[in-house]
Amino acid sequence: MFPIQKGKIMKQRYSLLSLAVMAACYSNYAVADLKQQCLLGVPQFQGEVVEGDQLRMPVTIESDSAVINQPRDATYTGDVSIKQGNRSIVADQVRVEQDGENARMAYLQGNFNYQDNLIQATGADATINLLSKDANLSNANYQLVGRQGRGTAEYGEFGDSKRTLKNASFTSCLPDDNSWKIEANEMIQHVDEEYAEMWHARFKVLGMPVFYSPYLQFPIGDRRRTGLLIPSFERSSKNGWTYSQPFYWNIAPNMDATITPTYYSRRGWQISPEFRYLTKIGQGLVATEYMAKDRLTDYQPENDDRKRYLLHWRHAVSFLTDWRFYVDYTKVSDRRYFSDFDSAYGSSTDGYATQNFKLGYYQPNYNISISGKKFQTFDELDIGPYRVLPQIDFNYYKNDLIKGGDFKFFAQAARFENDSKLMPKAWRFHAEPTLNFPLANRYGSLNLETKLYATHYQQTKGSESTEEIKKSVSRVLPQIKLDFKTVLESDKQLFSGFNQTIEPRLQYIYRPYKNQSDIGSKRQKSVSLGYDSALLQNDYFSLFNDRRYSGLDRISSANLITAGGTTRFFNNETGEEVFNFSLGQTYYLSPSKIDDTSDNSTAKRSSSWAAESNWKFHKKWNWHGSYQYDTRLNQTSLANMSLQYKPQLDKLIQLNYRYASKDYINQNLNTNKYGQSIKQIGAVLGWELTDKVSIMTSYYHDIALKKPVEGQLSLNYNTCCWAANVYVARRLVSTPVGSPDTINDFYYDNKFGINFELRFGTSYSNGVSRMLKRGILPYTEPYGIN
């Protein structure tokens, strides 16, 4: 035994571990089976990891024989074993200097095998300074412990802050797998800055060089690093060949950017920078997409302007403890933008882009804010929505203002303007005090609420309008509401093994009638809803809303009773909810109306009703359905059903049916554009076939159009060190010319794409969740039983 009190053979900072960490961001999700299989091919540390400073731990040396020349040196021969903490070295011969300027230098002669809790390395000849962090290795083959990563180095010099490797290589592939590797004449690793430089770097696939760079940088730690990201390729019948090459720019620890040039063979070049920041004045994102000239001959822009662009800004900040500021701004060059380009900042299915901001001051009992909102619509509307600037909101809350009564007060001042010079402009001032008396006991709860709507308008007719408009309009409407809820538990089990609850709800609202035809313009159709109102969807939960319309411009009279209820079934053993069914309807004791026109009145005594249900009839099967009936249209307005089989997280099949009547769509959009109802059936499959192969396919067919809406097929192949995704898609797209009322105004855009991904031993995602999000009709989990 030869004790060295302050010796140190190798510290983890100058091991070759950092070669494997070559990407800044890794996926946190891992498929257990693939991960376990990959880790079977890498060495594992045997025994318990010793904590503490390795330099302060004693060094023990064992060998078949030793020649000790005190005080100069000692030579150990035959199965030499050196141990210190977590480190161990087995070598043919080791000579340790003990005197002079080379004291505590260990010279490993012949073959050696080094191992600690981070790395295993074999080679021939090495020099290690036991009192510092310097080491020289020759002809080394290394493999990381507990994770993927291996390579070779003809010669390496390791120091405290820098490592230099000559004729080195790295790959995350397992032994005997030569799918890819990186070779370089020289590699310098900067430990503190966590990046590496490579000279004459060659990227090889199956031993064949496919990429060369005279100089290359890549990260060797968790810090982000400037450099190229994985490119993507796509073939589209509309855009032709597409190539995207993102470039990542690590500007500072609190800000970075991704710049993505994209080439469309039929359109031209597009540049897409995205800048992210986190500063004292908040966090946010600024993104643009710009194409100087769209060369596509089928694109027929207005005013012959072929420039295409997108601007997106999202910002949020909290400052001075109680202040909040938020911006969400998206603007595109034309209404066809999201139909022609795939973008992370909008979709053609949205129908509009929002541009809004809000500045607010918040206290426990009150808050005040100023905001603005504007919509950029993509549909051809005769009259677009109003923009609001400014909008000032004030909210005040006080529980037990009087005995048993909770008080709320809402006030607003808003300015409305429209791009159409035919439409009026207006200031709206609104006050809404509310007093609520909640009562509850073991039988249920009863809320008695009184409210007052007081609104005043100052209106100015449009500059090109000949229609006279009332300049000053005031409206005061009181409201009283009774809301009763209870939960009843059945003493008898309707179905063996399941407990049942019945949750009836009864609500009464009274609000007198006030003719509101003077609010807004009569140029709009009878379904016009003023400056910012819209009909609410009639699902089960919206039946219990105070008003039929969102916004404040249309507050219909009310003398109605809403009755509804939910029944739930729970598994006796697990307590899990397996089924629920909700049904509700509103009964008008007198017609609900906003003016004297019949179009805006509920002439029938019974109004919209809705049903909704969720049924988990097996731990792997779920069914969801909802149905909405609109009495104003005297027809079904919305309906949908979904049946899903999901045995595992990444294995699912979903069948869907979606319906929306054309009258309901046109009524809510204030247009007669849609000439047919939406009737779609579809199916989605996402399945991990094996540990390496995953598939996603979806198909949606519109029964009204008698055409497929979208079809997709995506295949993902995963290995321990690389992955590939191939996808094809066919999507129905409307043309920019003419009315889209007829079937002939649609065409199909066929796409084909392929993406490769290099893996560095931390990502084992099978790609199912990512593939399910692709498409204009992405997979959603539309139901859940709580």
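According to the working numbering, the sequence shown is numbered sequentially starting from 10.
The beta-carbon is built from N, C-alpha and C at its ideal position, and this holds for glycine as well.
Computed from a predicted structure; not experimentally measured.
- prompt: Are residue 476 and residue 530 close, meaning C-beta to C-beta below 9 Å?
  reply: Position 467 of the sequence shown, counted from the start, is the residue given in the question as residue 476. Position 521 of the sequence shown, counted from the start, is the residue given in the question as residue 530. In this structure, residue 476 places its C-beta atom within 9 Å of the C-beta atom of residue 530.
- prompt: Any idea what DSSP makes of residue 674, helix, strand or coil?
  reply: Within the sequence shown, residue 674 is the residue found at index 665, counting from 1. Of the three classes helix, strand and coil, the one that applies to residue 674 here is helix, per DSSP.
query: Measuring CB to CB, does residue 321 end up less than 9 Å from residue 340?
result: The residue labelled residue 321 in the question sits at position 312 within the sequence shown. The residue labelled residue 340 in the question sits at position 331 within the sequence shown. Yes, Cβ-Cβ distance for residue 321 and residue 340 is below 9 Å.
message: Measuring straight from C-alpha to C-alpha, what distance separates residue 582 and residue 499?
response: Here the question's residue 582 lines up with position 573 in the sequence shown. Here the question's residue 499 lines up with position 490 in the sequence shown. Their Cα atoms are separated by approximately 17 Å.
- prompt: Taking just the CA atoms, how far does residue 186 sit from residue 737?
  reply: As a position in the sequence shown, residue 737 is number 728, starting the count at 1. As a position in the sequence shown, residue 186 is number 177, starting the count at 1. A direct Cα-to-Cα measurement between residue 737 and residue 186 gives close to 29 Å.
query: Just reading off the alpha helix (DSSP H) that residue 779 is part of, what are its end residues?
result: Counting from 1 along the sequence shown, the entry for residue 779 is found at position 770. Here the alpha helix (DSSP H) through residue 779 covers 777-781.
- request: Work out the CA separation of residue 59 and residue 35 for me, nearest whole Å.
  value: Mapped onto the sequence shown, residue 35 falls at position 26. Mapped onto the sequence shown, residue 59 falls at position 50. Confidence at residue 35 is low in this model, with a pLDDT of 32, below 50, so the placement of that residue should be treated as unreliable; the coordinate-derived value is given next. The alpha-carbon atoms of residue 35 and residue 59 are separated by roughly 28 Å.
- request: Could you have a look at residue 550 and say whether DSSP puts it in helix, strand or coil?
  value: Indexing the sequence shown from 1 puts residue 550 at position 541. It is helical.
- prompt: Given a threshold of 16 other Cβ atoms within 10 Å of its Cβ, counted over all protein chains shown, does residue 383 qualify as buried or as exposed?
  reply: Sequence index remark: in the sequence shown, residue 383 carries index 374 (1-based). Counting other Cβ atoms within 10 Å of its Cβ, residue 383 reaches 16 or more and is therefore classed as buried.
- prompt: Is the stretch 559-568 close to the stretch 630-649, with three or more CB pairs under 8 Å?
  reply: no
- request: Identify whether residue 474 lies in helix, strand or coil by the three-state DSSP scheme.
  value: For the purposes of this step, residue 474 is taken as the residue at position 465 of the sequence shown. Residue 474: coil per DSSP, three-state reduction.
field: For residue 377, the nearest candidate out of 708, 333 and 666 (CA to CA)
entry: The residue given as residue 377 occupies position 368 in the sequence shown. Selected option, being the one with the closest Cα: 333.
query: Sorry if obvious, but does the Cβ on residue 573 come closer than 8 Å to a heavy atom of the ligand SAM?
result: This structure lacks the ligand SAM; in fact it carries no ligand of any kind.
task: Please decide whether residue 232 counts as near chain B, where near means a Cβ-Cβ distance under 9 Å.
output: The structure shown contains no chain B, having only a single protein chain.
query: Smallest Cα separation from residue 391: which of 432, 410 and 108?
result: Your numbering for residue 391 matches position 382 in the sequence shown. Ranking 432, 410 and 108 by Cα distance to residue 391 puts 432 first.
field: residue 790 burial status per 10 Å Cβ neighbour count (16 or more: buried)
entry: Counting from 1 along the sequence shown, the entry for residue 790 is found at position 781. Classification of residue 790: exposed, given that the 10 Å Cβ count is below 16.
- prompt: Between residue 659 and residue 735, what straight-line distance do the alpha-carbon atoms span, to the nearest angstrom?
  reply: Within the sequence shown, the letter at position 650 stands for residue 659. Within the sequence shown, the letter at position 726 stands for residue 735. Cα-Cα distance, rounded: 18 Å.
task: Kindly indicate which three-state DSSP category residue 697 falls into: helix, strand or coil?
output: Here residue 697 refers to the residue found at position 688 of the sequence shown. In the three-state reduction of the DSSP assignment, residue 697 falls in the strand class.
- prompt: Do you know how far the Cα of residue 130 is from the Cα of residue 43?
  reply: For the purposes of this step, residue 43 is taken as residue 34 along the sequence shown, with counting starting at 1. For the purposes of this step, residue 130 is taken as residue 121 along the sequence shown, with counting starting at 1. So the alpha carbons of these two residues sit roughly 25 Å apart.
task: Note the first and the last residue of the continuous beta strand (DSSP E) segment covering residue 346.
output: What you label residue 346 is simply residue 337 of the sequence shown in a count that begins at 1. Element bounds for residue 346: not the beta strand (DSSP E) but the alpha helix (DSSP H), 346-349.
message: Please state whether the Cβ-Cβ distance between residue 165 and residue 178 is less than 9 Å.
response: Counting from one through the sequence shown, the residue named residue 165 turns up at place 156. Counting from one through the sequence shown, the residue named residue 178 turns up at place 169. Contact: no.
- prompt: Is residue 467 helix, strand or coil by DSSP?
  reply: Taking the sequence shown and counting its residues from 1, the one referred to as residue 467 is at position 458. In the structure shown, residue 467 sits in a strand (DSSP, three-state: E or B).
message: When you compare the CB positions of residue 491 and residue 457, do they come within less than 9 Å of one another, or not?
response: Locating residue 491 in the sequence shown gives position 482, where the first residue counts as 1. Locating residue 457 in the sequence shown gives position 448, where the first residue counts as 1. It is a contact, given that the beta carbons lie within the stated cut-off.
query: Alpha carbon to alpha carbon, how far is residue 313 from residue 348?
result: Reading the sequence shown from its first residue, position 304 is the one you call residue 313. Reading the sequence shown from its first residue, position 339 is the one you call residue 348. Between residue 313 and residue 348, the C-alpha separation is close to 19 Å.
- request: Kindly list the residues whose CB is nearer than 6 Å to the CB of residue 211, restricted to its own chain and excluding five residues on each side of it in sequence; keep chain order.
  value: For the purposes of this step, residue 211 is taken as the residue at position 202 of the sequence shown. Excluding sequence neighbours, residue 211 sits near 192, 218 and 221.
- prompt: Just to confirm, are residue 526 and residue 603 a CB contact at a threshold of 9 Å?
  reply: What you label residue 526 is simply residue 517 of the sequence shown in a count that begins at 1. What you label residue 603 is simply residue 594 of the sequence shown in a count that begins at 1. Against a cut-off of 9 Å, the Cβ pair of residue 603 and residue 526 comes out as a contact.
message: Let me check understanding here. Comparing Cα to Cα, which of 398, 72 and 242 lies closest to residue 367?
response: Within the sequence shown, the letter at position 358 stands for residue 367. It is 398 whose Cα lies nearest to the Cα of residue 367.
field: Sequence-distant residues of its chain with Cβ nearer than 6 Å to residue 125 (five each side left out)
entry: Here residue 125 corresponds to residue number 116 of the sequence shown, with the count starting at 1. If we look at residue 125 and ignore the five residues flanking it on each side, its Cβ neighbours are 95 and 96.
- prompt: Counting only runs that start and end within the stretch 214-250, where is the beta strand (DSSP E) found for 3 or more residues in a row?
  reply: 217-228 and 241-245
- prompt: Do the CB positions of residue 514 and residue 572 come within less than 9 Å of each other?
  reply: Against the sequence shown, residue 514 aligns to sequence position 505. Against the sequence shown, residue 572 aligns to sequence position 563. Yes, the Cβ-Cβ distance between residue 514 and residue 572 is below 9 Å.
field: Contact between the stretch 506-513 and the stretch 465-474 (3+ Cβ pairs under 8 Å)
entry: no
- prompt: Rounded to whole angstroms, how far is the Cβ of residue 781 from the Cβ of residue 720, which I believe are closer than 8 Å?
  reply: Within the sequence shown, residue 781 is the residue found at index 772, counting from 1. Within the sequence shown, residue 720 is the residue found at index 711, counting from 1. In this structure, residue 781 and residue 720 do not form a Cβ contact; the two beta carbons are roughly 15 Å apart against a cut-off of 8 Å.
Nearest residue (CA-CA) to residue 145, options 159, 488 and 114: As a working note, residue 145 is residue 136 in the sequence shown. Nearest of 159, 488 and 114 to residue 145, Cα basis: 114.
query: Which of the three DSSP states, helix, strand or coil, is assigned to residue 592?
result: Working through the sequence shown from its first residue, we reach residue 592 at position 583. In this structure, residue 592 counts as strand in the three-state DSSP scheme.
- prompt: By DSSP, does residue 789 sit in helix, in strand, or in coil?
  reply: Taking the first residue of the sequence shown as position 1, residue 789 is located at position 780. In this structure, residue 789 counts as coil in the three-state DSSP scheme.
- request: Look at the alpha carbon of residue 75 and the alpha carbon of residue 65, and state the distance between them as a whole number of angstroms.
  value: The sequence position of residue 75 within the sequence shown is 66, counting from 1. The sequence position of residue 65 within the sequence shown is 56, counting from 1. Roughly 24 Å between the two C-alpha positions.
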